[in-house]
Amino acid sequence: MFLAVGLSLFLGSTPIPPDQVIAALTSPDMADQQQVAIVELRGPRTIACVLVGAAFAAAGAIMQGVTRNPLADSGLLGINAGAAFALALCLALLPGMDFTGVVLCSFAGAAVALAVVYGCVSLGRRGVDPVRLVLAGCAVGLFLTALAQAVAIFFNIGYSLTFWTAGGVAGVRASTLAITAPFIVAALAAACVASRRVALLSLGDEAAQGLGVSVSRSRTLCLVIVLVLAGASVALAGPIAFVGLMVPHVVRPLVGSDYRSVIPASMVGGALLMLLADVVARTAIAPTEVPIGFIFAIIGVPFFIWCARREGVGLD
Numbered sequence: 189m190f191l192a193v194g195l196s197l198f199l200g201s202t203p204i205p206p207d208q209v210i211a212a213l214t215s216p217d218m219a220d221q222q223q224v225a226i227v228e229l230r231g232p233r234t235i236a237c238v239l240v241g242a243a244f245a246a247a248g249a250i251m252q253g254v255t256r257n258p259l260a261d262s263g264l265l266g267i268n269a270g271a272a273f274a275l276a277l278c279l280a281l282l283p284g285m286d287f288t289g290v291v292l293c294s295f296a297g298a299a300v301a302l303a304v305v306y307g308c309v310s311l312g313r314r315g316v317d318p319v320r321l322v323l324a325g326c327a328v329g330l331f332l333t334a335l336a337q338a339v340a341i342f343f344n345i346g347y348s349l350t351f352w353t354a355g356g357v358a359g360v361r362a363s364t365l366a367i368t369a370p371f372i373v374a375a376l377a378a379a380c381v382a383s384r385r386v387a388l389l390s391l392g393d394e395a396a397q398g399l400g401v402s403v404s405r406s407r408t409l410c411l412v413i414v415l416v417l418a419g420a421s422v423a424l425a426g427p428i429a430f431v432g433l434m435v436p437h438v439v440r441p442l443v444g445s446d447y448r449s450v451i452p453a454s455m456v457g458g459a460l461l462m463l464l465a466d467v468v469a470r471t472a473i474a475p476t477e478v479p480i481g482f483i484f485a486i487i488g489v490p491f492f493i494w495c496a497r498r499e500g501v502g503l504d
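Residue numbers (my numbering): 189 to 504.
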């Protein structure tokens, strides 16, 4: 991951000599445009990649453990789409809202989407079935995405919304990072603390209760952590999908299936994957930039199909 951080700082759409990068990191000269680009553009962008990648991956790992569903992810369960719809409303109805308000709206949209998905799945006697949860999440996500597109057409904000929903950290600056970073860092710390609860919940409700865990309280706590992670990340970088799905599957062969190891390892793996994807996005067809969401879609869709075929109907 640290090597990827170095690549993110030294490589970009515009070539900058390595000595200028080192000078910008050690004693920046704000009169030099190249060093300003490192300090004000590549630096915040790199930090955003680390935080967003770790947040999405941790959210996916928590969702997979809490729901006992290997296909769970904040994007596939409609959380990212809920945050995106709320942000579309902000762009349309409150164009002058400051970034703090945008983050809060993102949290609200993610919470509403998750409540709707869980409400749909919880109706009936079968409880929270993994397959039904994914289907409900996809349906709610598609519905909210369609609503966001309708808002974009009606209020003529299509370009702004498309640029943001494509996903990426190109527009991240130190000011926006200062608002969202505390939320993400606090939620990542809470995810590490709650990893034991996630490990017990992954055994099933009856087993967790037998081990003295309050299932409803623990599940609610974990979902709040997921909301903060996904909401802040979507507000910062857009609704990037498949990170939370792929990374936990990649790290499990390395660290085992215990979520006390899976969640921290997923944070590192998510940060690494996000950094590498951002470097590819900047350099593949420079000076034009490829949306990160497009890169993850190319990788994530085949990965999702492979996981679905391997897991069959889910963990049950």
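In this text, a Cβ means the ideal position worked out from N, Cα and C, and glycines have one as well.
- Task: Give every residue of the same chain whose Cβ lies closer than 8 Å to the Cβ of leucine 503, excluding the five residues on either side of it in the sequence, and list them in chain order.
- Result: Residue placement at leucine 503 is flagged as unreliable, the pLDDT there being 42, under the threshold of 50; the coordinate-derived value follows with that caveat. Here the set comprises Arg256, Asn257, Pro258, Pro318.
- Item | At least three beta-carbon pairs within less than 8 Å, the stretch 230–244 to the stretch 451–465 | yes
- Task: Just the C-alpha distance for phenylalanine 342 and leucine 279, rounded to the nearest angstrom, thanks.
- Result: 12 Å
- Go through its chain and collect everything with a Cβ distance to alanine 336's Cβ below 6 Å, but skip five positions before and after it. Ala272, Phe273, Ala276
- Item | Pick from Val254, Arg498, Pro490 that is closest to valine 401, judged by C-alpha positions | Val254
- Tell me where the alpha helix (DSSP H) around serine 201 begins and ends. It is not in any alpha helix (DSSP H) - serine 201 carries neither H nor E in the DSSP assignment.
- Message: Can you tell me whether threonine 214 is buried or exposed? The criterion is at least 16 other CB atoms within 10 Å of its CB, across all chains shown.
- Response: exposed
- Below 6 Å CB to CB, which residues in the same chain sit around valine 360 once its five sequence neighbours on both sides are set aside? Pro232, Arg233, Ala236
- Just how far apart, CA to CA, sit aspartate 217 and isoleucine 210? 11 Å
- Can you tell me whether glutamine 252 is buried or exposed, with buried defined as 16 or more other CB within 10 angstroms of its CB? buried
- Message: Checking the sheet assignment: what are the DSSP bridge partners for threonine 476?
- Response: Ile473
- Do phenylalanine 430 and glycine 488 come within 8 Å of each other at the CB atom, strictly closer than that value? yes
- Three-state secondary structure assigned by DSSP to aspartate 466: helix
- Within the same chain, show all residues whose beta-carbon is closer than 7 Å to that of proline 427, passing over the 5 residues directly before and after it, in chain order. Gly263, Asn268, Ala269, Ala271, Ala272, Thr353, Gly355
- Query: Helix, strand or coil for valine 305 per DSSP?
  - Reply: helix
- Message: Taking the straight line between their C-alpha atoms, what separation do you get for isoleucine 372 and alanine 474?
- Response: 30 Å
- Message: Using only the alpha-carbon positions, how far apart do alanine 301 and valine 381 sit?
- Response: 25 Å
- I think leucine 417 touches alanine 246, with their Cβ atoms under 8 Å apart; what is that distance to the nearest whole Å? 6 Å
- Item | Among Leu292, Ile345, Gly392, Leu365, nearest to leucine 281 - alpha-carbon criterion | Ile345
- Message: With distance defined between alpha-carbon atoms, name the residue in Tyr447, Leu415, Asp446, Ile493 nearest to phenylalanine 244.
- Response: Leu415
- 7 Å Cβ shell around proline 308 - same chain, five flanking residues per side excluded: Note on residue identity: the sequence assigns cysteine, not proline, to residue 308. Same-chain partners within the cutoff: Ala324.
- Step through the CB atoms of chain E and report whether any lies within less than 8 Å of the CB of alanine 269. In the structure shown, chain E does not exist; there is a single protein chain.
- Message: Here's the rule I'm using: 16 or more other beta-carbon atoms within 10 Å means buried, otherwise exposed. How should proline 452 be labelled?
- Response: buried
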